[in-house]
Each structure stands twice: as C-alpha cells, then as structure tokens.
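K.L.:
If you read the protein sequences in the order shown, they are chains Y and R. Counting from 1 along the first sequence, just add 32 to a position and that's the residue number in my numbering. Counting from 1 along the second sequence, just add 14 to a position and that's the residue number in my numbering. Yeah, the Cβ is synthetic: ideal placement off N, Cα and C, and Gly gets one too. No experiment lies behind these values; they were computed from the predicted model shown.
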Amino acid sequence: MSRLNGRQPHELRPIQISFDGLARVDGSARFSFGPIAALSSVSGPIEVRLASENASQATLEVLVRPLSNVPATESKALAATVRGLLTPSLILVNNPRTLVQIVAQALVPSGSGTGLDPKISNASAVTAAVVNASTLALLNSGSVPMRGVVCAVAVGRRKDGPLVVDPDAGDGALDAEGCFAFMFTRDGDDVQARCVWTNWKQGSGDEGVLSAARELASQAAGDVYAAIHANVEGMVNVKPAIVVLPTPKEATVMEVKKEKEEEMEIKMEF
Amino acid sequence: MRPPSPSIPEKEFLFSSLKESLRLDGRLPMEIRAPILTFGDDLGWVECSLGKTRVLAQVEGKMVKPLPERPFEGMITIHSEISPMASSEYEPGRPSDEEVTITRMLDKVLKRSDAVDKESLCILAGQRVWHIRLTLHFLSDAGNMLDCACLAGMVALKHFRRPDVEVVGDEVTVHQPTERAPIPLAIHHTPFCFTFAFFSDPAIPPVIDPTQLEQRLSAGVLSIALNAQRELCVLQKLGGVPLDTEEVLKIVNIAVQKAKELNNIVDARLKEDWAGRKVEVR
Numbered sequence: 033m034s035r036l037n038g039r040q041p042h043e044l045r046p047i048q049i050s051f052d053g054l055a056r057v058d059g060s061a062r063f064s065f066g067p068i069a070a071l072s073s074v075s076g077p078i079e080v081r082l083a084s085e086n087a088s089q090a091t092l093e094v095l096v097r098p099l100s101n102v103p104a105t106e107s108k109a110l111a112a113t114v115r116g117l118l119t120p121s122l123i124l125v126n127n128p129r130t131l132v133q134i135v136a137q138a139l140v141p142s143g144s145g146t147g148l149d150p151k152i153s154n155a156s157a158v159t160a161a162v163v164n165a166s167t168l169a170l171l172n173s174g175s176v177p178m179r180g181v182v183c184a185v186a187v188g189r190r191k192d193g194p195l196v197v198d199p200d201a202g203d204g205a206l207d208a209e210g211c212f213a214f215m216f217t218r219d220g221d222d223v224q225a226r227c228v229w230t231n232w233k234q235g236s237g238d239e240g241v242l243s244a245a246r247e248l249a250s251q252a253a254g255d256v257y258a259a260i261h262a263n264v265e266g267m268v269n270v271k272p273a274i275v276v277l278p279t280p281k282e283a284t285v286m287e288v289k290k291e292k293e294e295e296m297e298i299k300m301e302f
Numbered sequence: 015m016r017p018p019s020p021s022i023p024e025k026e027f028l029f030s031s032l033k034e035s036l037r038l039d040g041r042l043p044m045e046i047r048a049p050i051l052t053f054g055d056d057l058g059w060v061e062c063s064l065g066k067t068r069v070l071a072q073v074e075g076k077m078v079k080p081l082p083e084r085p086f087e088g089m090i091t092i093h094s095e096i097s098p099m100a101s102s103e104y105e106p107g108r109p110s111d112e113e114v115t116i117t118r119m120l121d122k123v124l125k126r127s128d129a130v131d132k133e134s135l136c137i138l139a140g141q142r143v144w145h146i147r148l149t150l151h152f153l154s155d156a157g158n159m160l161d162c163a164c165l166a167g168m169v170a171l172k173h174f175r176r177p178d179v180e181v182v183g184d185e186v187t188v189h190q191p192t193e194r195a196p197i198p199l200a201i202h203h204t205p206f207c208f209t210f211a212f213f214s215d216p217a218i219p220p221v222i223d224p225t226q227l228e229q230r231l232s233a234g235v236l237s238i239a240l241n242a243q244r245e246l247c248v249l250q251k252l253g254g255v256p257l258d259t260e261e262v263l264k265i266v267n268i269a270v271q272k273a274k275e276l277n278n279i280v281d282a283r284l285k286e287d288w289a290g291r292k293v294e295v296r
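#1: What whole-angstrom Cβ distance do R:V143 and R:V78 have, given they're in contact under 8 Å?
#2: State buried or exposed for R:I22, treating a residue as buried only when at least 16 other CB atoms are found within 10 Å of its CB.
#3: Verify the CB distance criterion: does R:M44 have a CB-CB separation below 8 Å to chain Y?
#4: When you compare the CB of Y:R97 with every CB in chain R, is at least one pair closer than 8 Å?
#5: From Y:E301 to R:R175, what does the alpha carbon distance come to, in whole angstroms?
#6: With respect to the alpha helix (DSSP H) encompassing R:L231, which residues constitute its N-terminal and C-terminal limits?
#7: How would you call Y:A252, buried or exposed, if buried means at least 16 neighbouring beta carbons within 10 angstroms?
#8: Mapping the DSSP letters down to three states, classify Y:P120 as helix, strand or coil.
#9: Taking beta-carbon pairs under 7 Å, can you tell me which members of the region 99-115 of chain Y lie near chain R?
#10: Using the Cβ count rule (16 or more neighbours within 10 Å means buried), how would you classify R:W288?
#11: Along the region 176-197 of chain Y, what residues have a CB closer than 8 Å to any CB found in chain R?
#12: Does DSSP put R:E286 in a helix, in a strand, or in coil?
#13: Thinking C-beta only, is R:A170 closer than 8 Å to R:F206?
#14: Taking 7 Å as the cut-off, is the beta-carbon of Y:G240 closer than that to any non-hydrogen atom of the ligand GDP?
#15: Helix, strand or coil, according to DSSP, for Y:D207 in the structure here?
#16: Mind listing, in chain order, the continuous beta strand (DSSP E) runs of no fewer than 3 residues lying wholly within the region 233-264 of chain R?
#17: Does DSSP put R:L32 in a helix, in a strand, or in coil?
#18: Would you say Y:I68 lies against chain R (beta-carbon separation less than 8 Å)?
#19: Taking the continuous beta strand (DSSP E) assigned at Y:S262, which residues delimit it?
#20: Return the CA-CA distance between Y:L122 and Y:T167, expressed in angstroms with no decimal places.
#21: Going by other Cβ atoms of all chains shown within 10 Å of its Cβ, with 16 needed for buried, is Y:V276 buried or exposed?
#22: Checking the sheet assignment: what are the DSSP bridge partners for Y:A213?
#23: Would you say Y:S153 reaches chain R, if we count a Cβ-Cβ gap shorter than 8 Å as a contact?
#24: Pull up the distance between the alpha-carbon of Y:T130 and that of Y:V57, whole angstroms please.
#25: Tell me whether the beta-carbon of R:C162 lies closer than 8 Å to the beta-carbon of R:C62.
#26: Examine the Cβ distances between the region 223-234 of chain Y and the region 204-214 of chain Y and report whether three or more of them are shorter than 8 Å.
#27: Can you round the beta-carbon distance between Y:V74 and Y:L170 to whole angstroms, since I take them to be within the 8 Å contact cut?
#28: Which whole-angstrom value is the C-beta distance of R:L49 and R:L124, which I expect to be below 8 Å?
#29: Check whether chain Y comes within 8 Å of R:V55, counting only Cβ atoms and requiring the distance to be less than that.
#30: Going by beta carbon distance, what residues of the same chain come within less than 7 Å of R:A282, once the five residues before and after it are set aside?
#31: Return helix, strand or coil for Y:S156, following the three-state DSSP convention.
#32: Less than 8 Å between the beta carbons of Y:A244 and Y:L206, yes or no?
#33: Please check the pair Y:F63 and Y:A70, which I expect to be a contact at CB under 8 Å, by giving their CB distance rounded to whole angstroms.
#34: To the nearest whole angstrom, what separates the beta carbons of Y:A26 and Y:L95, a pair I think is in contact under 8 Å?
#35: Would you identify the three-state DSSP class for R:Q271, choosing helix, strand or coil?
#36: Strictly under 8 Å for the Cβ-Cβ distance: is R:S21 near chain Y by that measure?
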C-alpha cells in the first residue's frame with residue numbers, strides 16, 4: 033500500500049510547533065500536521081461575566097474560529113467538543129469564580145471542498161490540530177493547573193482496507209474516519225495514556241475496527257506527546273535576572289544562576 | 015472584560031517622554047513599525063505583523079449568481095470580526111467601538127475605493143460572477159489594528175489568484191489550477207492606511223502607528239488611506255483634538271511619503287514570494 037511521501041500507516045505528517053507570543057493573552061501556540069495548522073490562545077484565570085460565574089470552579093470557555101467566513105454551527109460543535117475533552121485534564125477548582133478562555137483559530141480551510149476532490153474532508157485533521165494547539169497554549173500560559181496533557185490524532189480507514197494515521201488527500205476517500213484524543217499523565221518516567229474522546233464514524237464493520245483504530249491512534253498520539261514534550265523544553269527562554277556589575281563577585285553570580293536553573297527544572301516535570 | 019485604564023504613572027511617563035519626542039519602543043514620532051509579511055501555502059493567505067500587532071487575511075473565490083440590480087459586477091465581501099484572541103476585552107457577538115470603526119474603514123478603503131475591479135469579476139452577465147470573500151482575523155492587538163488589517167487585506171487581494179474560466183456561448187468551463195495557471199484579480203490601485211494619534215496637550219507632537227498604550231491615552235485619532243500615486247481614498251477623523259489645516263496637510267504629506275515606501279516593501283515581498291512558487295510552467 034502506498035501513501036503520499038512514502039509514509040507508513042502509523043506515521044504522522046511532520047509536526048511543527050511554535051510559540052507565537054501573542055500580546056495580551058497569557059499563552060499561545062501553533063501546531064501543525066504538515067500543512068494542516070491551528071493557532072490557539074489561552075487567557076486565564078481572568079475576570080468572568082456574572083452570568084457564567086461558577087462558585088466552585090473556574091469556567092472554561094472555548095471558541096473556535098474557522099479560516100474563512102463567520103463561525104457557524106460546525107465551529108460551535110467543535111468548540112463544545114474541545115471543551116468536553118479538555119475539562120478532565122484541567123484542575124479548575126483551584127480558581128473559582130474566574131474564566132479560562134481558549135480561542136482556537138484554524139489556519140487552513142476546514143471541511144470538505146478543500147483541494148481538488150470535494151469528497152475529501154480534512155475535518156478530523158483540523159480537529160486534532162486544534163486540540164493539540166490548545167494543549168500547547170495551556171502549557172505555554174502555565175496559569176491553569178493541569179492533570180495531564182491531551183493529544184489528538186486523526187485516523188482513517190482507506191477503501192482498500194488498511195487503517196492509516198493522519199490521512200491526507202493521497203489516501204483517497206475513506207470509508208471510516210475519526211479523531212481520537214488521549215490524556216497523557218506522567219509519574220516520573222512512567223507515561224500513561226487514556227482515551228478521553230473520539231468521534232469515530234464507520235459505515236460497516238464491527239467493534240474490532242474501533243479497537244484497532246484506537247490502538248493505532250494511541251501510538252501516534254504518543255509521538256505527538258513526545259514532540260510536545262521536546263518542544264516545551266525549548267519554550268522557556270532562560271534569561272538570568274541578574275545584571276553583571278563592572279566588578280562582579282564571581283561566586284555570587286554563579287550561585288544565583290544555578291538556583292535559577294534548578295527552579296526551571298522543577299517546573300518542567302509534568 | 016474591559017481592562018482597567020492606564021495608571022497615572024504610565025500616563026505621566028508617556029506624556030513626558032513624548033514631549034521630548036521619545037517613544038516607549040524607541041521609534042521616532044513619525045516612524046512606523048516595520049511590517050513583516052508571511053505568505054502561506056495557499057494563494058491569498060497572508061499574515062501581516064506590525065511589531066506585535068498581527069492580522070491574518072485570507073481570500074477565496076466562489077462563483078455565484080449576481081445581484082439582479084448589478085448583473086455585470088462581481089461581489090466582494092469582507093469579514094472582520096475581532097475574536098478574544100486579540101485581547102480578552104473583545105467579546106464574541108458584541109462589536110466594540112473599535113471593531114465597528116475598523117469594519118467601516120475597511121469597507122471604505124478596500125471596497126468603496128474600487129481597489130479591485132468588480133466588472134472583471136463577471137463571468138456570464140446576469141448568471142455567473144465571482145464572489146470574492148476576504149476574511150480578516152485579528153490575532154494580536156498591540157495597537158493600530160486598523161493599519162495592519164488594511165495592509166493584510168490589500169496584500170492578500172494582490173496575492174490571490176482565481177481559477178481561469180473559459181466562456182463559450184453559454185457554457186462556462188472552470189479550469190483547475192493544474193490545467194491552466196490561475197489569474198490575479200484586476201487591481202486598480204493599492205491603498206494603504208496610516209493612523210496618527212493626537213494628544214490633548216498641544217506640546218506633544220502627533221505620532222504615527224500608535225502602540226496600545228499610546229492609542230488608549232490619545233485624545234484623537236486621524237486615519238488616512240491613500241495610494242502611492244498620491245491619491246487620497248479616505249480621510250477619517252472621529253472627533254478628538256481640533257486640528258488646523260496646516261497640521262492636517264503636514265500629516266498628509268508624511269502619509270504620502272510612507273505610502274511610497276510601503277508600496278516598495280509590499281512589491282518586493284510579493285515578488286520574493288512569487289519567485290519561490292511554481293505556479294506556471296512555460
């Protein structure tokens with residue numbers, strides 16, 4: 033079976049992660065599977081409107097904006113989905129009566145009609161990119177305590193049988209597809225993944241297909257988690273806060289720098 | 015939620031430094047932030063940033079039936095909604111004052127100024143025309159989103175290529191981009207927008223391309239849209255500090271100069287991007 037660019041069934045398109053540093057929001061990040069990119073920003077905990085205030089926990093608000101046209105039903109559905117799958121991973125009880133606002137922007141036209149074949153839709157890939165970008169933005173903001181990291185991948189079943197991860201136009205029309213989201217928790221070096229959400233749709237076949245797809249997705253999501261982990265280390269610019277005076281005392285300067293490094297290391301474990 | 019007003023020390027510091035013609039980000043009073051244009055894979059996708067202010071523009075085209083009162087013209091619609099991504103003070107569904115100003119200004123600068131020729135968008139009179147949709151997303155608000163949006167929108171329209179259409183009698187054939195090279199929109203002229211902020215103290219000179227703090231502390235704002243051929247499209251002054259004619263003419267002359275520079279930057283950038291793409295095989 034041949035895929036575009038010689039990809040294996042379990043291989044994702046090249047992942048690109050960048051932290052935009054948008055002004056006036058607490059955290060922002062961009063995530064892409066090859067050309068399918070999404071940008072997400074997180075503001076929170078911030079002041080909440082009285083109507084949506086919750087006395088026992090922070091209110092999570094997710095907004096999804098498509099690339100072209102005004103947000104419509106699809107965006108609202110995707111926003112509700114993202115909100116549902118991010119809620120278990122966030123510890124919202126720490127900040128009652130506040131708002132955590134996540135805004136996700138799709139950077140490619142979503143839905144069908146993209147490219148040459150109107151039957152091929154990249155909705156699952158866009159969903160996965162939006163979820164991953166939102167996770168990265170939450171990590172970038174560092175202001176909302178998290179239980180785990182949610183990573184998502186799209187899986188599809190080609191007409192000629194095999195299940196493939198991150199399907200693109202080269203895989204042709206799919207007869208079953210969906211997006212899987214996993215929450216990764218880490219205990220020292222031990223990483224555990226739990227499936228928290230899926231929108232798998234299949235025309236024919238039994239539960240075995242769903243289990244196989246989930247297994248395949250779990251491995252690929254592990255790759256996404258590894259990419260996120262590697263990139264977050266580079267997210268923090270360690271600029272020593274001390275000013276080196278004209279006649280520095282070498283010893284005190286080195287001590288303060290080392291303390292800062294240790295501080296950074298502790299924050300990195302998640 | 016509206017952010018609190020700038021504090022008194024911020025206000026006093028800004029005013030006293032502006033009196034000495036020193037801006038907080040080190041620019042001269044009549045210096046704009048260098049625009050950085052990033053083009054995407056698709057034609058018509060541009061991300062424009064002026065310092066930390068960022069706007070994303072995307073253009074797409076669809077064939078539709080024209081309006082009955084204008085059967086020979088295509089249609090251009092501009093969507094520009096500010097999301098809370100720009101700042102949490104912008105609520106979805108409720109247009110703030112600034113959003114209304116930006117929408118109206120974009121309409122005047124990009125549509126009413128006839129920058130894009132609508133008659134060239136006609137395919138079959140009375141039956142099929144191109145509907146060009148420009149969507150602007152405000153990613154980051156660090157002051158002067160209007161200029162950034164106008165620039166992003168204009169560059170996106172110049173960058174966009176629509177599929178080639180062949181009309182034989184009553185039959186319309188749309189050629190895929192792989193068969194025939196897509197063709198650019200017919201652009202009459204390229205308007206650019208420049209915003210100047212004025213302060214209530216007459217000792218403080220006006221500044222171009224205000225930052226967030228300068229915009230909030232300004233007493234009035236003047237926006238000029240013009241092209242590199244010294245033709246004024248829009249001059250908008252929504253209340254604020256009274257200005258006499260000499261000041262306004264001085265501002266217009268400065269804007270003319272900036273428009274020429276910006277035009278060169280945009281052309282150079284478009285050419286650079288075009289050289290890196292394979293759109294035509296000759």
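P.N.:
With the structure as the only source:
#1: Taking the second sequence and counting its residues from 1, the one referred to as residue 143 of chain R is at position 129. Taking the second sequence and counting its residues from 1, the one referred to as residue 78 of chain R is at position 64. Indeed they touch by this definition, with Cβ atoms about 7 Å apart.
#2: Counting from 1 along the second sequence, the entry for residue 22 of chain R is found at position 8. When all chains shown are included, R:I22 counts as exposed.
#3: As a first step, residue 44 of chain R must be located in the second sequence, where it is residue number 30. Taking Cβ atoms only, chain Y never reaches closer than 8 Å to R:M44, which makes this a no.
#4: Residue mapping note: residue 97 of chain Y aligns to position 65 of the first sequence, counting from 1. At least one chain R Cβ lies under 8 Å of Y:R97.
#5: Your numbering for residue 301 of chain Y matches position 269 in the first sequence. Your numbering for residue 175 of chain R matches position 161 in the second sequence. Because the pLDDT at Y:E301 is just 45, under 50, the model does not fix this residue reliably, and the point stays unresolved.
#6: The residue labelled residue 231 of chain R in the question sits at position 217 within the second sequence. From DSSP, the alpha helix (DSSP H) with R:L231 extends over Q226 to L231.
#7: Here residue 252 of chain Y is taken as the residue at index 220 of the first sequence, counted from 1. Its Cβ being crowded by 16 or more others within 10 Å, Y:A252 is buried.
#8: By one-based count along the first sequence, residue 120 of chain Y stands at place 88. Helix at Y:P120.
#9: L99, S100, N101 and V102
#10: By 1-based counting over the second sequence, the position of residue 288 of chain R is 274. Its Cβ having fewer than 16 others within 10 Å, R:W288 is exposed.
#11: none
#12: By one-based count along the second sequence, residue 286 of chain R stands at place 272. Correct three-state label for R:E286: helix.
#13: For this step, residue 206 of chain R is matched to residue 192 along the second sequence. For this step, residue 170 of chain R is matched to residue 156 along the second sequence. Against a cut-off of 8 Å, the Cβ pair of R:A170 and R:F206 comes out as no contact.
#14: You won't find the ligand GDP in this model; it holds no ligand whatsoever.
#15: Counted from its first residue, the first sequence places residue 207 of chain Y at position 175. In the structure shown, Y:D207 sits in a strand (DSSP, three-state: E or B).
#16: 234-240 and 246-251
#17: Taking the first residue of the second sequence as 1, we reach residue 32 of chain R at position 18. DSSP places R:L32 in helix when its eight states are reduced to three.
#18: As a first step, residue 68 of chain Y is located in the first sequence; it is residue number 36 there, counting from the start. Not an interface residue.
#19: By one-based count along the first sequence, residue 262 of chain Y stands at place 230. Contrary to the premise, residue 262 of chain Y reads as Ala rather than Ser in this sequence. Careful: Y:A262 lies outside any beta strand (DSSP E), inside the alpha helix (DSSP H) at E239 to E265.
#20: Stepping through the first sequence from its first residue, residue 122 of chain Y is reached at position 90. Stepping through the first sequence from its first residue, residue 167 of chain Y is reached at position 135. Straight-line Cα distance between these residues: approximately 10 Å.
#21: To locate residue 276 of chain Y, count along the first sequence from 1; it is residue 244. Note on Y:V276: pLDDT 42, under 50, position unreliable in the model; no value is reported.
#22: Residue 213 of chain Y sits at position 181 when you count from the first residue of the first sequence. Partner(s): Y:A184 and Y:W229.
#23: If you number the first sequence from 1, residue 153 of chain Y lands on position 121. Taking Cβ atoms only, chain R never reaches closer than 8 Å to Y:S153, which makes this a no.
#24: Stepping through the first sequence from its first residue, residue 130 of chain Y is reached at position 98. Stepping through the first sequence from its first residue, residue 57 of chain Y is reached at position 25. Cα to Cα, the separation comes out at about 15 Å.
#25: To locate residue 162 of chain R, count along the second sequence from 1; it is residue 148. To locate residue 62 of chain R, count along the second sequence from 1; it is residue 48. Contact: yes.
#26: With the cut-off at 8 Å, the region 223-234 of chain Y and the region 204-214 of chain Y touch.
#27: Sequence index remark: in the first sequence, residue 74 of chain Y carries index 42 (1-based). Sequence index remark: in the first sequence, residue 170 of chain Y carries index 138 (1-based). Correct: roughly 5 Å between the Cβ atoms.
#28: Locating residue 49 of chain R in the second sequence gives position 35, where the first residue counts as 1. Locating residue 124 of chain R in the second sequence gives position 110, where the first residue counts as 1. In the sequence as presented, Leu is not what sits at residue 49 of chain R; that position holds Pro. 17 Å between Cβ atoms; not a contact.
#29: Within the second sequence, the letter at position 41 stands for residue 55 of chain R. Sequence inspection shows Asp at residue 55 of chain R; the Val mentioned does not correspond to that position. Output row for R:D55: interface = yes.
#30: Sequence index remark: in the second sequence, residue 282 of chain R carries index 268 (1-based). Residues of the same chain with their beta carbon placed closer than 7 Å to that of R:A282 are lacking, with the five preceding and five following residues left out of the count.
#31: Here residue 156 of chain Y corresponds to residue number 124 of the first sequence, with the count starting at 1. Note: Y:S156 maps to helix in three-state DSSP.
#32: As a first step, residue 244 of chain Y must be located in the first sequence, where it is residue number 212. As a first step, residue 206 of chain Y must be located in the first sequence, where it is residue number 174. Contact: no.
#33: For the purposes of this step, residue 63 of chain Y is taken as residue 31 along the first sequence, with counting starting at 1. For the purposes of this step, residue 70 of chain Y is taken as residue 38 along the first sequence, with counting starting at 1. Y:F63 to Y:A70, Cβ: 6 Å. Contact.
#34: Only positions 33 to 302 of chain Y appear in this structure, which leaves residue 26 of chain Y out of reach.
#35: As a working mapping, residue 271 of chain R is identified with position 257 in the second sequence. Correct three-state label for R:Q271: helix.
#36: The residue given as residue 21 of chain R occupies position 7 in the second sequence. No, because no Cβ of chain Y sits closer than 8 Å to the Cβ of R:S21.
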